[in-house]
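S.K.: Using this note's numbering, the first residue of the sequence shown is number 35, and each one after it goes up by one.
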Amino acid sequence: MAHATPRKCPTFCSERNNVERFARAFYRERMAEIIPLPTKMRPSREPEPRPSREPEPLWRDALGDRLRRLRHERGERLADTADRAGVSPQYLSEMERGLKEPSSEMIAAVAGALEVTLIELTAGVVDDLRTRVAERAAVGCRTTFALAA
């Protein structure tokens with residue numbers, strides 16, 4: 035089998051190259067030139083270390099803690115509350131452990147079964163979150179004072 039020899043480019047190739055050169059020149063003349071902006075370059079390419087901080091608690095975790103606390107205050111079993119709310123005990127357990135991201139309808143059903151309003155439940159969760167933030171800040175201050183001493 036004979037190998038085909040590469041053919042020379044017909045004349046239209048050179049015309050196409052001329053068109054490409056013309057297009058680049060046209061672009062440079064009429065369009066804005068891209069100028070790289072100066073940036074702060076650190077000597078090493080390693081990212082700056084961020085101060086380590088504890089992640090904020092998720093809403094579903096705080097909600098689950100609050101639901102469990104309300105259920106325990108009433109002295110109820112998981113199955114009793116779940117039955118009145120119309121959810122399975124497994125689902126309520128997952129809500130309380132922060133494993134589920136429940137819909138507003140599910141939250142309302144469980145709140146109703148615990149005889150609290152959505153506003154009372156939400157306000158309680160917000161208070162819990164604020165308390166956690168204040169406790170973390172206080173621990174941070176104590177650590178700073180201990181290091182300074």
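C-beta: ideal position from N, C-alpha, C; glycine also.
1. Judging by CA-CA distance, which residue of Pro89, Leu97, Pro91, Glu110 is the nearest neighbour of Ala11?
2. Whose C-beta lies closer than 6 Å to the C-beta of Ala119 among residues of the same chain, with five residues either side of it excluded?
3. Taking three-plus beta-carbon pairs below 8 Å as touching, is the segment 118 to 133 in contact with the segment 160 to 168?
4. When burial is assigned at 16 or more other CB atoms within 10 Å of the CB, is Leu181 buried or exposed?
5. For Lys234, which residues in the same chain have their Cβ closer than 6 Å to its Cβ, ignoring the five residues on either side in sequence?
6. Kindly indicate which residue of Ala157, Val160, Glu149 has the alpha-carbon position closest to the one of Glu107.
7. Leaving out five residues before and five after Phe179 in sequence, what residues of the same chain have Cβ atoms less than 8 Å from its Cβ?
8. CB-CB under 8 Å to Pro131, same chain, minus the five flanking residues each way: which ones, in chain order?
M.R.: For this structure:
1. Coverage of the chain is limited to positions 35 through 183, which leaves residue 11 absent and any answer about it impossible.
2. Ala143, Val144, Ala147
3. no
4. Below a pLDDT of 50, predicted positions are generally treated as unreliable, and Leu181, at 49, falls in that range; no measurement from the model is reported.
5. In the structure displayed, the chain extends from 35 to 183; residue 234 sits before or after that span and is not available.
6. Checked all of Ala157, Val160, Glu149; the closest Cα to Glu107 is Glu149.
7. Note that Phe179 scores 47 on pLDDT, short of 50, meaning its location in the model is unreliable and no value can be drawn from it.
8. Here residue 131 turns out to be Arg, not Pro, going by the sequence shown. The residues are Gly98.
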